[in-house]
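J.: Residue numbers (the working numbering), protein chains in the order written: chain A, 2 to 282; chain B, 5 to 520.
Quick one: structure below, then a few questions.
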């Protein structure tokens, strides 16, 4: 892609995509450089200086065991984005694969996949995750396993639905007539058109997954202390909300900003990808 | 010096005192307002009203309002007063107790008979009862005649009168209990000041006045003063404080420590910080490596900065302990405290030959002070050279794991239900007591021997000496990591009178009145 092509592409980006992407990029960069941005360590306690309100020394104040809240929020970026990324894109990969194949092949494979999917979505998502965590014990790895078992279903549905439309279209029929193997037809020809809705959904899913982990940490089922996960920080500060609002509020704000930027990206992407799809037709 | 003026002065003083007394009585009679509803928000809820089943304070404190026992804790909780037994006589060899029953009635109007007493006490000491260990020295409970019950002992057992004040020694109506034991857990038939009208698990208990209650109030009329109590289950501490401030609740139990100081400044409410028989501590499972080594357990103690914990977690409420158990009657102040000394902790870890086996420090989900403590201890213990993970479990699961010994360290607490050291000393330090030394599997034959002697001794000086020795040994064996003698911190509106937390942790709601 040449510089001009990039400029042309950027010019077509809706404002929401630009704003969202800028914010998100900022967050990622901040997360990468977190250890060098503040003089404090996210784990070191200063029990003598606990519950200090925001000041120049501690812009976000200190928490109930005297840790610098800003430092913990910045280090939290790494944890939350990592968890969000893994819990979104790993299930998306095989969800898309299974869904696309299911939609393309039909027959017994489709029936089997859809029944499996029905089983997975028959239970309330959060309840099922809590059950799995109750069996395996709390921790990040358990959350991964639980989410991997359940989160692919949405992507599989989306991909299957798109594939059912795509497989009757001329270009797919043409590819099949030319004798291309199924894998090539599915992954090279149809997939680029199937994937759009999943990419847009993944942005919303990313936000939901961060919120999920935050909720689980809030319930004590997620990331164990003393890791600076945002949801866990909100939960820890909850009991001090009247006399030390900053412990809960500022990590909560970090969740909001990250969520908002991802939602903007999702919105913009939907717009932009929709444009592209129309321009092909 | 003339004697006459002296006498005159004395006479005048006596007269004045008499006048004050009389006025006091009249004032008291006028002061107590009868009727009304008390709304009490608690962080715990009763699980059952069957007194022979529970061991949780949610149930115990509620049962205390509904059920009577032969003796009961007095207004402070430090002493005893007659309950359903009007009086008692103890034989010279201290092996036989004869109790004279009061003329009292159950909440359904039936009289309290010797049959009910015999049945209740036998059930309390029966094989399925949770507090059977307290009744173990009892040989027999028998009816002497229509109004007397005889208890004979296998061996001298000084704490008996205190044990009979336990909620677990409650006198239930035999007929109702036997007819429907499960139903009894929902709607008990006892002779206490209140009876249960409505019990909705997970939200509330409504109690109403028991018109048949025997005790008399300061105005000469039967107790209780209140018509109705709504005991609400409000586990969220902020909600309790907000509810108190908005006037939805008249009293809240367990004010979070960080908000207690603010409530102190509120002119409409009174903050009560009452020392009770409670110790917050970290349970240690001596059966699990590396906690089977005394050096490691002591290292955990030396590395715990209790001053800092008292300040940041308890906001100054409480007292740094020098014991493995709460401050009950035979508590010794002379046992030397283990100081905060991180260097000593490091030495002990090295001396123990620590191989890096991680210690899982468990806490119950939602226990905010517990989480804060765990976070502080984790850092301190890691500084001493130990590997520590914090694990959270839902409180029921955590308790289950504790009782089965499937834990290493657990941030929790204990309270005593009676005013005698015996209950907890035996539960906590005697591995044969039925709870495996309160789930620590602490086994020191010397301690067990001393406890048995203390139980049999009637001489309080001797008992004090024995319990002090046990306290010294168990504490310095690294029985647990004691953190704080925590007071009960509650708050109530100024229109509530007669509220007082007894040392056992509960409150005699029969003495409470509201005037709003």
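We treat Cβ as the ideally placed atom computed from N, Cα and C, and that holds for glycine.
Just so you know, these numbers come straight off a predicted model, no measurement behind them.
List, in order along the chain, the chain B residues whose C-beta lies closer than 9 Å to that of residue 276(A)?
T.: Here residue 276(A) corresponds to residue number 275 of the first chain, with the count starting at 1. Within chain B, no residue comes near residue 276(A); the closest Cβ sits about 48 Å away, beyond 9 Å.
J.: Can you pull the chain B residues whose beta carbon is under 7 Å from the beta carbon of residue 220(A), in chain order?
T.: Taking the first residue of the first chain as position 1, residue 220(A) is located at position 219. By Cβ distance, chain B contributes 369.
J.: Assuming contact is defined by CB atoms lying nearer than 8 Å, are residue 20(A) and residue 265(A) in contact in what I supplied?
T.: What you label residue 20(A) is simply residue 19 of the first chain in a count that begins at 1. What you label residue 265(A) is simply residue 264 of the first chain in a count that begins at 1. Taking a C-beta distance under 8 Å as the contact criterion, residue 20(A) and residue 265(A) qualify as a contact pair.
J.: Using CA atoms only, rank isn't needed, just tell me which of 161(B), 112(B) and 230(B) is closest to residue 181(B).
T.: The count along the second chain starts at 1 and reaches residue 181(B) at position 177. Nearest option by C-alpha distance: 112(B).
J.: Quick check on residue 462(B): does DSSP put it in helix, strand or coil?
T.: Taking the second chain and counting its residues from 1, the one referred to as residue 462(B) is at position 458. DSSP places residue 462(B) in coil when its eight states are reduced to three.
J.: With a cut-off of 8 Å, does the C-beta of residue 50(A) fall near any C-beta of chain B?
T.: Here residue 50(A) refers to the residue found at position 49 when the first chain is read from its first residue. Residue 50(A) does not count as touching chain B.
J.: Relative to the alpha-carbon of residue 165(B), which residue among 280(B), 283(B) and 75(B) has its alpha-carbon at the smallest distance?
T.: Mapped onto the second chain, residue 165(B) falls at position 161. Nearest Cα to residue 165(B) within the set 280(B), 283(B) and 75(B): 75(B).
J.: Compare the C-beta of residue 58(B) against all C-beta atoms of chain A and say whether one is closer than 8 Å.
T.: One-based indexing of the second chain puts residue 58(B) at position 54. Taking Cβ atoms only, chain A never reaches closer than 8 Å to residue 58(B), which makes this a no.
J.: Have a look at 62(B), 268(B) and 221(B) and flag the residue whose alpha-carbon is nearest the alpha-carbon of residue 496(B).
T.: Reading the second chain from its first residue, position 492 is the one you call residue 496(B). Per the Cα distances, 268(B).
J.: On a Cα-Cα basis, can you pick out the residue from 334(B), 184(B) and 55(B) that is closest to residue 423(B)?
T.: Sequence index remark: in the second chain, residue 423(B) carries index 419 (1-based). Residue 423(B) has its Cα closest to that of 334(B), out of 334(B), 184(B) and 55(B).
J.: Among the candidates 275(A), 26(A) and 23(A), whose CA atom is the shortest distance from the CA of residue 198(A)?
T.: Position 197 of the first chain, counted from the start, is the residue given in the question as residue 198(A). The shortest C-alpha separation from residue 198(A) is found at 275(A).
J.: Just confirm the distance between the C-beta atoms of residue 71(A) and residue 39(A), as a whole number of angstroms; I'd bet it's less than 8 Å.
T.: Mapped onto the first chain, residue 71(A) falls at position 70. Mapped onto the first chain, residue 39(A) falls at position 38. About 6 Å; that satisfies the 8 Å criterion.
J.: Closest to residue 99(A) by C-alpha separation, out of 236(A), 155(A) and 13(A), would be which residue?
T.: Taking the first chain and counting its residues from 1, one reaches residue 99(A) at position 98. Closest option to residue 99(A), Cα to Cα, is 155(A).
J.: Note down, in chain order, every chain A residue with its Cβ under 7 Å from the Cβ of residue 375(B).
T.: Numbered from 1 along the second chain, position 371 holds the residue referred to as residue 375(B). Within 7 Å Cβ-Cβ: 226 and 237.
J.: Could one say the Cβ of residue 46(A) lies closer than 8 Å to chain B's Cβ atoms, at least one of them?
T.: Numbered from 1 along the first chain, position 45 holds the residue referred to as residue 46(A). Yes, residue 46(A) lies at the interface with chain B (some Cβ there is under 8 Å from its Cβ).
J.: Is there contact between the stretch 317 to 330 of chain B and the stretch 420 to 434 of chain B, where contact requires at least three CB pairs shorter than 8 Å?
T.: yes
J.: Could you tell me how far apart the beta carbons of residue 455(B) and residue 430(B) are, in whole angstroms, since I believe they sit closer than 8 Å?
T.: Counting from 1 along the second chain, the entry for residue 455(B) is found at position 451. Counting from 1 along the second chain, the entry for residue 430(B) is found at position 426. Contact holds; Cβ gap of about 6 Å.
J.: Could you tell me the alpha carbon to alpha carbon distance between residue 458(B) and residue 471(B), rounded to whole angstroms?
T.: Position 454 of the second chain, counting from 1, holds the residue named residue 458(B). Position 467 of the second chain, counting from 1, holds the residue named residue 471(B). Distance between the alpha carbons of residue 458(B) and residue 471(B) is about 7 Å.
J.: Under 8 Å: do the stretch 191 to 201 of chain B and the stretch 34 to 48 of chain B share three or more Cβ pairs, one atom per stretch?
T.: The stretch 191 to 201 of chain B is not in contact with the stretch 34 to 48 of chain B.
J.: What does residue 179(B) reach in chain A if we use C-beta pairs closer than 7 Å?
T.: Here residue 179(B) is taken as the residue at index 175 of the second chain, counted from 1. Against residue 179(B), chain A offers no close residue; the least beta-carbon distance is about 42 Å (beta-carbon pairs closer than 7 Å).
J.: Assign residue 54(B) to one of three DSSP states: helix, strand, or coil.
T.: Start at 1 with the first residue of the second chain, and residue 54(B) comes out as number 50. DSSP places residue 54(B) in coil when its eight states are reduced to three.
J.: Name the chain B residues that come within less than 7 Å of residue 242(A), Cβ to Cβ?
T.: Translated into the one-based positions of the first chain, residue 242(A) becomes position 241. Within chain B, the residues near residue 242(A) are 242.
J.: Would you give the residue range spanned by the alpha helix (DSSP H) that residue 250(B) belongs to?
T.: Residue numbering aside, residue 250(B) sits at position 246 when the second chain is read from its first letter. Looking at the DSSP string, the run of the alpha helix (DSSP H) that includes residue 250(B) is 241 to 250.
J.: Give the DSSP-derived three-state secondary structure of residue 200(A) in the structure shown.
T.: Position 199 of the first chain, counted from the start, is the residue given in the question as residue 200(A). Reduced to three states, the DSSP call for residue 200(A) is helix.
J.: Taking C-beta pairs closer than 9 Å, name the residues in chain A that residue 262(B) reaches, listed in chain order.
T.: Here residue 262(B) is taken as the residue at index 258 of the second chain, counted from 1. By Cβ distance, chain A contributes 52, 65, 240, 241, 243, 244 and 245.
J.: For residue 5(A), count the other beta carbons within 10 Å of its own beta carbon; 16 or more makes it buried, fewer makes it exposed. Which is it?
T.: For this step, residue 5(A) is matched to residue 4 along the first chain. So residue 5(A) counts as exposed.
J.: Taking C-beta pairs closer than 9 Å, name the residues in chain A that residue 393(B) reaches, listed in chain order.
T.: Within the second chain, the letter at position 389 stands for residue 393(B). What residue 393(B) touches in chain A: 225.
J.: Taking Cβ to Cβ, would you say residue 490(B) is nearer than 8 Å to residue 322(B)?
T.: As a first step, residue 490(B) is located in the second chain; it is residue number 486 there, counting from the start. As a first step, residue 322(B) is located in the second chain; it is residue number 318 there, counting from the start. It is a contact, given that the beta carbons lie within the stated cut-off.
J.: Apart from the five residues on each side of it in sequence, which residues of its chain come closer than 8 Å, Cβ to Cβ, to residue 408(B)?
T.: Here residue 408(B) refers to the residue found at position 404 of the second chain. Excluding sequence neighbours, residue 408(B) sits near nothing in its chain.
J.: CA-CA distance, residue 247(B) and residue 238(B)?
T.: Translated into the one-based positions of the second chain, residue 247(B) becomes position 243. Translated into the one-based positions of the second chain, residue 238(B) becomes position 234. A straight line joining the alpha-carbon of residue 247(B) with that of residue 238(B) spans about 10 Å.
J.: May I ask you to verify whether the stretch 505 to 518 of chain B touches the stretch 62 to 73 of chain B, counting CB pairs closer than 8 Å and requiring at least 3?
T.: Enough Cβ pairs lie closer than 8 Å, so yes.
J.: For a cutoff of 8 Å on Cβ pairs, would you count residue 383(B) as touching chain A?
T.: As a first step, residue 383(B) is located in the second chain; it is residue number 379 there, counting from the start. Output row for residue 383(B): interface = yes.
J.: Return the CA-CA distance between residue 270(A) and residue 316(B), expressed in angstroms with no decimal places.
T.: On the first chain, residue 270(A) is found 269 positions in, with the first residue counted as 1. On the second chain, residue 316(B) is found 312 positions in, with the first residue counted as 1. Taking the straight line joining both Cα atoms gives about 48 Å.
J.: Is it true that the CB of residue 160(A) sits closer than 8 Å to the CB of residue 101(A)?
T.: If you number the first chain from 1, residue 101(A) lands on position 100. If you number the first chain from 1, residue 160(A) lands on position 159. Closer than 8 Å, so yes.
J.: Quick one: what does DSSP say residue 220(A) is sitting in, helix, strand or coil?
T.: On the first chain, position 219 is the one that residue 220(A) refers to. If DSSP states are grouped into helix, strand and coil, residue 220(A) belongs with coil.
J.: I'd like the span of the beta strand (DSSP E) that includes residue 394(B), first residue to last.
T.: Position 390 of the second chain, counted from the start, is the residue given in the question as residue 394(B). From DSSP, the beta strand (DSSP E) with residue 394(B) extends over 392 to 397.
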